[in-house]
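Count along the sequence shown from 1, add 93, and you get the number used in our numbering. Data first, discussion second: the structure below is written as structure tokens.
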Amino acid sequence: MQLLKSKIIQYLFYGIIILNNQVLIGQIRDNTSYTFLNIPSNPTVAALGGYRVSQSKTTVNSFLQNPALLDSTHQNVLSLNYMPYFQAGQLASVAYAPTILGHTWGIGVQYLDYGKLQRTDAVGNVLGEFSANDYAITIATSQRQGNITFGGSLKYVGSVIEQLGSSAVMLDVGGYFKHPVYDLTYGIAVKNIGFVLKEFSPTSTSNLPFDVQMGVSFKPQYMPARFSLNAHHLYQFDIAYANPSVVVKDLNGNTVSTKVSWPDKIARHLSFGAELLLSKHVNLLLGYNHLLNRELSLSSAAGLSGFSGGIVIRSKIFELYYSYSGYHASGNLSSFGIILDLKRLIK
94 MQLLKSKIIQ YLFYGIIILN NQVLIGQIRD NTSYTFLNIP SNPTVAALGG
144 YRVSQSKTTV NSFLQNPALL DSTHQNVLSL NYMPYFQAGQ LASVAYAPTI
194 LGHTWGIGVQ YLDYGKLQRT DAVGNVLGEF SANDYAITIA TSQRQGNITF
244 GGSLKYVGSV IEQLGSSAVM LDVGGYFKHP VYDLTYGIAV KNIGFVLKEF
294 SPTSTSNLPF DVQMGVSFKP QYMPARFSLN AHHLYQFDIA YANPSVVVKD
344 LNGNTVSTKV SWPDKIARHL SFGAELLLSK HVNLLLGYNH LLNRELSLSS
394 AAGLSGFSGG IVIRSKIFEL YYSYSGYHAS GNLSSFGIIL DLKRLIK
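In structure tokens:
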């Protein structure tokens, strides 16, 4: 089994090399599909800025962010997460770490239901309703070598709109370093590498939401707080979106340049998180995502765009999670989660 896990991770790394050119070319275009994979799959990630590829205290959910974060402490632990999404949408995820032949594996399911949508004809007449949903099934494994852990996950991803559907196979590969003395960790994840199995139609083209992410998490020795910094979309420097329909003018009617400065371009790659360790059983979470703040804030009022917060309540058997994330003045998102230790719950 140990050799099998090492081989699986090895093949996943080979997959990156084989598919790298195809994936990077695909990112030049804007019609990226399966973007629901970028939505935080659990309240902890949502509360800490939307990204978390490195963390000193991992949970069974962690392998969905970085497969290298899966470890033996997650054996027979179950996580259930739910987020009422915009409009009538609903996002749910399940993560479980079964023990198979003495080794821990990660199994995850993510499902986004967009609710009932109106079906109309070419001139806008309502003909009825239809449904749409996205889903992903993930299997992950990891292998520790000293202070470094390598991990890989395989995902089957699908999208359904009315009677049309598409599907793809993707790989995530990650690495994780935990300092042997200090509460300091580093992580890296290369995500959503793969290929499309089925397109919606013969004329449609789907591009995968490829990403390269890095992160660091640290806790000062005498401070009851843990801080994290994560960087995303590292394969491309300029990820700023310039809306051509937005024209800013000064009081004299002159057009004001909306060119994004290079420090702002760098900051758009970053998200920040802080965990306030109030006690053994209660933690408060705070986060900030600069990309969300810049792209979802109104010119007249920034509001809570990009800011997030949450709380964790722990006991010996379960952990409860809640997060509140600021997106836009028209609406924000809450997320709920519970982690159950089945080893203690079922004896």
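Virtual Cβ for every residue (Gly too), placed ideally from N, Cα, C.
_Check whether the segment 259–267 and the segment 230–248 touch, using three or more Cβ-Cβ pairs below 8 Å as the test._
yes
_On the CB-based measure, 16 or more other CB atoms within 10 Å of its CB, does P136 come out buried or exposed?_
As a working note, residue 136 is residue 43 in the sequence shown. Label assigned to P136: buried.
*Determine the extent of the beta strand (DSSP E) in which I200 is found, giving its start and end residues.*
Taking the first residue of the sequence shown as 1, we reach residue 200 at position 107. Unbroken beta strand (DSSP E) run through I200: G199 to T213.
*Label I121 either buried or exposed according to how many other C-beta atoms from any shown protein chain fall within 10 Å of its C-beta, with 16 as the threshold for buried.*
Stepping through the sequence shown from its first residue, residue 121 is reached at position 28. A caution first: I121 carries a pLDDT of 38, below 50, which makes its placement in the model too unreliable to give a value.
_Pairwise C-alpha distance: H326 and L385_ = As a working note, residue 385 is residue 292 in the sequence shown. As a working note, residue 326 is residue 233 in the sequence shown. Distance between the alpha carbons of L385 and H326: 14 Å.
*asked:* Between V250, E255 and H196, which has its C-alpha nearest A225's C-alpha?
replied: As a working mapping, residue 225 is identified with position 132 in the sequence shown. When each option's Cα is compared against that of A225, the closest is E255.
*Tell me whether S165 sits in a helix, a strand or coil according to DSSP, three-state version.*
Reading the sequence shown from its first residue, position 72 is the one you call residue 165. Looking at S165 - three-state DSSP - the assignment turns out to be helix.
_Pairwise C-alpha distance: Y334 and S299_ = The residue you call residue 299 lines up with position 206 of the sequence shown. The residue you call residue 334 lines up with position 241 of the sequence shown. The alpha-carbon atoms of S299 and Y334 are separated by roughly 20 Å.
*asked:* Only counting the same chain, and skipping five residues up and downstream in sequence, which positions put a Cβ closer than 6 Å to that of G308?
replied: Taking the first residue of the sequence shown as position 1, residue 308 is located at position 215. Cβ neighbours of G308 beyond the five flanking positions: V146, S147, G280 and N323.
*asked:* Please report the straight-line C-alpha distance between L433 and L157, rounded to a whole angstrom.
replied: As a position in the sequence shown, residue 433 is number 340, starting the count at 1. As a position in the sequence shown, residue 157 is number 64, starting the count at 1. Computed Cα separation, rounded: 17 Å.
_Pairwise C-alpha distance: T296 and T278_ = Here residue 278 refers to the residue found at position 185 of the sequence shown. Here residue 296 refers to the residue found at position 203 of the sequence shown. One C-alpha to the other measures close to 45 Å.
*asked:* If I measure Cβ to Cβ from V170 and keep anything under 6 Å in the same chain, skipping five residues before and after, which residues do I get?
replied: Here residue 170 is taken as the residue at index 77 of the sequence shown, counted from 1. Closer than 6 Å at Cβ, skipping near neighbours: V153, A190 and D434.
*Residue(s) in a DSSP beta bridge with M316*: Here residue 316 refers to the residue found at position 223 of the sequence shown. According to DSSP, M316 bridges with nothing at all.
*Report back the beta-carbon spacing between G142 and G380 to the nearest angstrom; my notes put them in contact at under 8 Å.*
Working through the sequence shown from its first residue, we reach residue 142 at position 49. Working through the sequence shown from its first residue, we reach residue 380 at position 287. Yes, they are in contact, since the Cβ atoms of G142 and G380 sit about 4 Å apart, within 8 Å.
*Would DSSP call P177 helix, strand or coil?*
Within the sequence shown, the letter at position 84 stands for residue 177. Here P177 sits in strand by DSSP.
*Within its chain, find whatever has a CB closer than 6 Å to the CB of G430; leave out the 5 residues flanking it on each side and keep chain order.*
For this step, residue 430 is matched to residue 337 along the sequence shown. Excluding positions up to five away in sequence, the list reads N135, P136, N174 and Y414.
*Compare the C-beta of V305 against all C-beta atoms of chain D and say whether one is closer than 7 Å.*
This model lacks chain D altogether; it includes just one protein chain.
_Beta-carbon spacing of L363, H383 below 7 Å_ = The residue given as residue 363 occupies position 270 in the sequence shown. The residue given as residue 383 occupies position 290 in the sequence shown. Taking 7 Å as the Cβ cut-off, L363 and H383 qualify as a contacting pair.
_Rounded C-alpha distance that separates Q314 from D276_ = Translated into positions along the sequence shown, residue 314 becomes position 221. Translated into positions along the sequence shown, residue 276 becomes position 183. Going from the Cα of Q314 to the Cα of D276 covers about 8 Å.
*Using the beta-carbon count (16 or more within 10 Å), is F129 buried or exposed?*
Taking the first residue of the sequence shown as 1, we reach residue 129 at position 36. The residue is buried, with at least 16 neighbouring Cβ atoms inside 10 Å.
*How many Å lie between R437 and A188 at the Cα?*
On the sequence shown, residue 437 is found 344 positions in, with the first residue counted as 1. On the sequence shown, residue 188 is found 95 positions in, with the first residue counted as 1. Between R437 and A188, the C-alpha separation is close to 17 Å.
*To which residues of the same chain is V353 closer than 6 Å at the C-beta, ignoring the five residues directly before and after it?*
Residue mapping note: residue 353 aligns to position 260 of the sequence shown, counting from 1. Excluding residues within five positions, the ones whose Cβ falls inside 6 Å are A333.
_Proximity below 7 Å, CB of V305 to CB of G287_ = Counting from one through the sequence shown, the residue named residue 305 turns up at place 212. Counting from one through the sequence shown, the residue named residue 287 turns up at place 194. No, these two residues do not count as a Cβ contact at 7 Å.
*Give every residue of the same chain whose Cβ lies closer than 6 Å to the Cβ of D227, excluding the five residues on either side of it in the sequence, and list them in chain order.*
Position 134 of the sequence shown, counted from the start, is the residue given in the question as residue 227. Excluding sequence neighbours, D227 sits near F129, L205 and S252.
*Sequence-distant residues of the same chain with beta carbon closer than 6 Å to T125, five excluded per side*: Here residue 125 is taken as the residue at index 32 of the sequence shown, counted from 1. Counting only Cβ-Cβ distances below 6 Å, and skipping sequence neighbours, we find N300 and P302.
_Am I right that S310 and S321 are in contact with their C-beta atoms under 8 Å? What's the rounded C-beta distance?_
Sequence index remark: in the sequence shown, residue 310 carries index 217 (1-based). Sequence index remark: in the sequence shown, residue 321 carries index 228 (1-based). Indeed they touch by this definition, with Cβ atoms about 4 Å apart.
*Give me the Cα-Cα distance between A367 and Y420, rounded to the nearest whole angstrom.*
Within the sequence shown, numbered from 1, the residue matching residue 367 stands at position 274. Within the sequence shown, numbered from 1, the residue matching residue 420 stands at position 327. Cα-Cα distance, rounded: 19 Å.
*Could you tell me which of R212, G402, K373 and K312 sits nearest to F223, measuring between CA atoms?*
By 1-based counting over the sequence shown, the position of residue 223 is 130. For F223, the nearest C-alpha among the options comes from R212.
*Name the DSSP bridge partner or partners of T234?*
Indexing the sequence shown from 1 puts residue 234 at position 141. DSSP lists G245 as partners of T234.
*Measure the alpha-carbon distance for M176 versus P133 and round it to whole angstroms.*
The residue labelled residue 176 in the question sits at position 83 within the sequence shown. The residue labelled residue 133 in the question sits at position 40 within the sequence shown. Their Cα atoms are separated by approximately 10 Å.
*Leaving aside the five residues before and after F179 along the sequence, list all residues of the same chain whose C-beta is less than 7 Å from its C-beta, in chain order.*
In the sequence shown, counting from the first residue as 1, residue 179 sits at position 86. Only G424 meet the Cβ criterion.
*Residue range of the alpha helix (DSSP H) that T137 falls in?*
Along the sequence shown, one-based indexing puts residue 137 at 44. Here the alpha helix (DSSP H) through T137 covers P136 to A140.
*S172: which of S186, F330, N347 and A318 sits nearest, CA to CA?*
In the sequence shown, residue 172 corresponds to position 79, counting from 1. It is S186.
_Going by DSSP in three states, A367 sits in which element: helix, strand or coil?_
Start at 1 with the first residue of the sequence shown, and residue 367 comes out as number 274. Three-state result, A367: strand.
*Following the continuous alpha helix (DSSP H) through E388, name the residue where it begins and the one where it ends.*
Numbered from its first residue, the sequence shown carries residue 388 at position 295. Element bounds for E388: H383 to L389.
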